[in-house]
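Okay, structure first, notes after.
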Amino acid sequence: MTQTQTLNTYADLLAAIDAGESGRAIHDPATGELVGHAPEHTVDDLHRAVDTAVEKQRDWAKLTDAERCEYLNRAADAVEAAGEALAELVSREQGKPLNGPGARFEAGACATWLRVTCSHDLSEETVVDDGETRAVVNYRPIGVVGAIGPWNWPMMITVWQIAPALRMGNAVVVKPSEYTPLSVLGLVEVLNTVLPEGVLQVVVGGGDVGAALSTNEQVGKIMFTGSTATGRKIAESSAASVKRLTLELGGNDAGIVLEDADPREIAENLFWGAFINTGQTCAALKRLYVHDSIYDAVCEELTKLAEQMPMGVGMDEQNVLGPLQNQMQFDIVDRLVKEAKASGAKVLLGGDPDYDAPGYFFPTTLIADIDADNPLVVEEQFGPALPIVRYTDVEEAIAQANKLNVGLGASVWSADLERAREVAARIEAGTVWINSHGGVDPRVPFGGIKQSGYGVEFGVAGLKGLGVPQVING
Ligand code: NDP
Numbered sequence: 100m101t102q103t104q105t106l107n108t109y110a111d112l113l114a115a116i117d118a119g120e121s122g123r124a125i126h127d128p129a130t131g132e133l134v135g136h137a138p139e140h141t142v143d144d145l146h147r148a149v150d151t152a153v154e155k156q157r158d159w160a161k162l163t164d165a166e167r168c169e170y171l172n173r174a175a176d177a178v179e180a181a182g183e184a185l186a187e188l189v190s191r192e193q194g195k196p197l198n199g200p201g202a203r204f205e206a207g208a209c210a211t212w213l214r215v216t217c218s219h220d221l222s223e224e225t226v227v228d229d230g231e232t233r234a235v236v237n238y239r240p241i242g243v244v245g246a247i248g249p250w251n252w253p254m255m256i257t258v259w260q261i262a263p264a265l266r267m268g269n270a271v272v273v274k275p276s277e278y279t280p281l282s283v284l285g286l287v288e289v290l291n292t293v294l295p296e297g298v299l300q301v302v303v304g305g306g307d308v309g310a311a312l313s314t315n316e317q318v319g320k321i322m323f324t325g326s327t328a329t330g331r332k333i334a335e336s337s338a339a340s341v342k343r344l345t346l347e348l349g350g351n352d353a354g355i356v357l358e359d360a361d362p363r364e365i366a367e368n369l370f371w372g373a374f375i376n377t378g379q380t381c382a383a384l385k386r387l388y389v390h391d392s393i394y395d396a397v398c399e400e401l402t403k404l405a406e407q408m409p410m411g412v413g414m415d416e417q418n419v420l421g422p423l424q425n426q427m428q429f430d431i432v433d434r435l436v437k438e439a440k441a442s443g444a445k446v447l448l449g450g451d452p453d454y455d456a457p458g459y460f461f462p463t464t465l466i467a468d469i470d471a472d473n474p475l476v477v478e479e480q481f482g483p484a485l486p487i488v489r490y491t492d493v494e495e496a497i498a499q500a501n502k503l504n505v506g507l508g509a510s511v512w513s514a515d516l517e518r519a520r521e522v523a524a525r526i527e528a529g530t531v532w533i534n535s536h537g538g539v540d541p542r543v544p545f546g547g548i549k550q551s552g553y554g555v556e557f558g559v560a561g562l563k564g565l566g567v568p569q570v571i572n573g
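Printed below as a string of structure tokens:
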């Protein structure tokens, strides 16, 4: 790709990244249709990309912060210009609809995150200056950063990882999920119409390529979003080279609806909190605890709303929910819903996929009167099936919310903001939203506690995580 080319149509974008028949075929999870072919890079390719990154990082780090931000803002312009093409690519590959909080939203967020990441003020910090001691902290680049991402929001999560890394003067090697490599390749191709050659590369391969990135001694940091199991492996394999890590792992976010909430008013935010991206979102609402006094009303409002939300092929403009991205995820959701049904829980909506229809579609499913220890409640479903648990005492709901070994997000729903904040402060999660769930903001730090990971993304705190502090003392 030359620096002057643009990739503003879907056909041009696909032509620029398609590896041809020798590559791995990628299919639309809604229809089974071929989207394109991804290259199959090897572990040797990965190590070569890291060597290039080491070399190219030196000049990138020599630029001023303002010069790097100028590049990133121009990269945001390029993403905006290619927005419709990128949205189509991620819709076809990942399955999410163009509309709703879907593919267009994802492409738009990529540009927003690039710009806002450059707007944070990261000036040097004078921590002591008392006439005797003068200590000033600055953040230097780490060097080469590895960015390993998942298949649910492939482009957006990649930008979350690479935008702060690049601003801080690092070079980046991206390893996308095997399920959604094309959209990440497309995004990187667009960014590289602007960025200097070699500071941002993508290597496509399986878990072995990801593992090689986490053992390569020249990589100073891994930004990882994905499952807790893989996060654990990365922590182990990166230990020998003492890499820095930001781990954004799975969660099983609880929502607690207090008795004074208005069921009709909260229904829409509850719905999107749980069903954004058809439930395939790390910080989606995955188990809902509702006070007995308004339990039936909340179930009714949620069901009425959910019934109206069209699910189907991503490229059809009317849809706002899509398929699951892959068979593995379909099987997880299917198993958990079957177990819930077998336990005697009440299916308010959905629960019955058409196994013969094309695509990995699982209908929007609401399950009530479910036991608090049912697998659908205590395991992460990562799909469109929400268990709704009844409670009578808020202490019991807080205890249920806190009983798992994960803590990414959570939410409290109430008409009384002060009371909601008090309950929120007692929930063990990296973020607790009030009267909404899952909204992220490039200015606000975001990260998990417990086995949902460590390190934060976004905001000034996120930027600092992509640098190494240096104290000048004297
Ligand atoms: P994984 O954690 O397996 O994959 C995430 C990324 O890590 C992929 O790019 C993957 O590559 C890569 N990877 C796999 N093995 C290694 C390794 N040993 N070292 C370095 N990188 C590696 O997630 P899955 O896609 O398998 O999804 C499984 C579950 O994870 C889901 O059911 C869901 O619960 C959760 N999940 C959470 C997400 C989140 O946003 N927090 C996002 C997606 C999934 P490759 O795909 O090539 O194997």
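Quick note, the sequence shown lines up with residues 100 to 573 if you use the working numbering.
From the three backbone atoms N, C-alpha and C, an ideal C-beta is built for every residue, glycine too.
Only a predicted model underlies this, so the values are computations on that prediction, with no experimental measurement involved.
Contact between I125 and L281 holds, with the beta-carbon distance rounding to 5 Å and staying under 8 Å.
With fewer than 16 other Cβ atoms inside 10 Å of its own Cβ, Y454 counts as exposed. In the structure shown, Y388 adopts extended strand secondary structure according to DSSP, grouped into three states.
Positions of the beta strand (DSSP E) runs, each at least 3 residues long and wholly inside the region 117-204, are given as 123-126 and 133-137 in order along the chain. Distance between S313 and V298, taken at the CA atoms: about 18 Å. In the three-state DSSP reduction, Y553 falls in the strand class (E or B). Excluding residues up to 5 positions away in sequence, E192, Q193, W250 and P253 lie with their Cβ nearer than 6 Å to the Cβ of T279 in the same chain.
Under the criterion of beta carbons closer than 8 Å, G350 and V505 qualify as touching, at roughly 5 Å. Proximity to L171 across V289, T464, H146 and N572 peaks at V289, based on C-alpha coordinates.
Taken through DSSP and simplified to helix, strand or coil, N376 comes out as helix. Beta-bridge partners assigned by DSSP to L465: L448 and L485. Y490 is bridged by DSSP to H390. The closest heavy atom of ligand 1 lies less than 8 Å from the beta carbon of S326.
In this structure, ligand 1 has a non-hydrogen atom nearer than 8 Å to the beta-carbon of F323. Placement of the Cβ of K332 at a distance of less than 8 Å from at least one heavy atom of ligand 1 is found. A contact between stretches requires three or more CB pairs, one per stretch, nearer than 8 Å, and the region 437-457 fails this requirement with the region 202-219.
Taking 9 Å as the cut-off, the beta carbon of A528 is found closer than this to the beta carbon of D352. Excluding the 5 residues flanking it on each side, G304 has same chain C-beta neighbours closer than 8 Å at E139, H140, T141, V142, D144, L145, K274 and E277, in chain order. In this structure P483 does not touch T380 by the C-beta definition: roughly 11 Å separates them, more than the 8 Å allowed.
Non-local beta-carbon contacts of A560 in its own chain, meaning distances under 7 Å to residues more than five positions away in sequence, involve P544 in chain order.
Here the region 146-165 makes contact with the region 230-246; the two share three or more CB pairs at distances below 8 Å. Sequence-distant partners of G449 (beyond 5 residues in either direction) whose C-beta falls short of 6 Å from its own C-beta, in its chain, are P462, T463 and T464.
Taking all protein chains in view, the Cβ of P409 is surrounded by fewer than 16 other Cβ atoms within 10 Å, so the residue is classified as exposed. Straight across, the Cα-Cα distance linking A137 with R233 is about 53 Å. Proximity of the region 169-184 to the region 102-116 meets the contact definition, three or more beta-carbon pairs being nearer than 8 Å. When DSSP assignments are scanned along the region 235-283, the uninterrupted stretches of alpha helix (DSSP H) that are 4 or more residues long and fall wholly within it turn out to be 253-266. E335 and Y490 have their C-alpha atoms roughly 40 Å apart. Per DSSP, the beta bridge partners of L346 are F323 and Y553.
If you look at S313, you'll find it in the alpha helix (DSSP H) that goes G306 to T314. For a cut-off of 8 Å, the C-beta gap from V236 to V570 is around 5 Å, short enough to register as a contact. The beta carbon of V227 is closer than 6 Å to those of A234 in its chain, skipping five residues each way along the sequence. At a cut-off of 8 Å, the beta-carbon of V436 does not count as near ligand 1: no heavy atom of the ligand is closer than that. Cβ neighbours of D391 within its own chain (closer than 6 Å, five residues either side excluded): R489 and T491. With a contact defined as Cβ atoms closer than 8 Å, E367 and L404 qualify at about 6 Å. In this structure, P249 has its CB closer than 8 Å to one or more heavy atoms of ligand 1. Between I375 and G537, the alpha-carbon positions lie close to 9 Å from each other.
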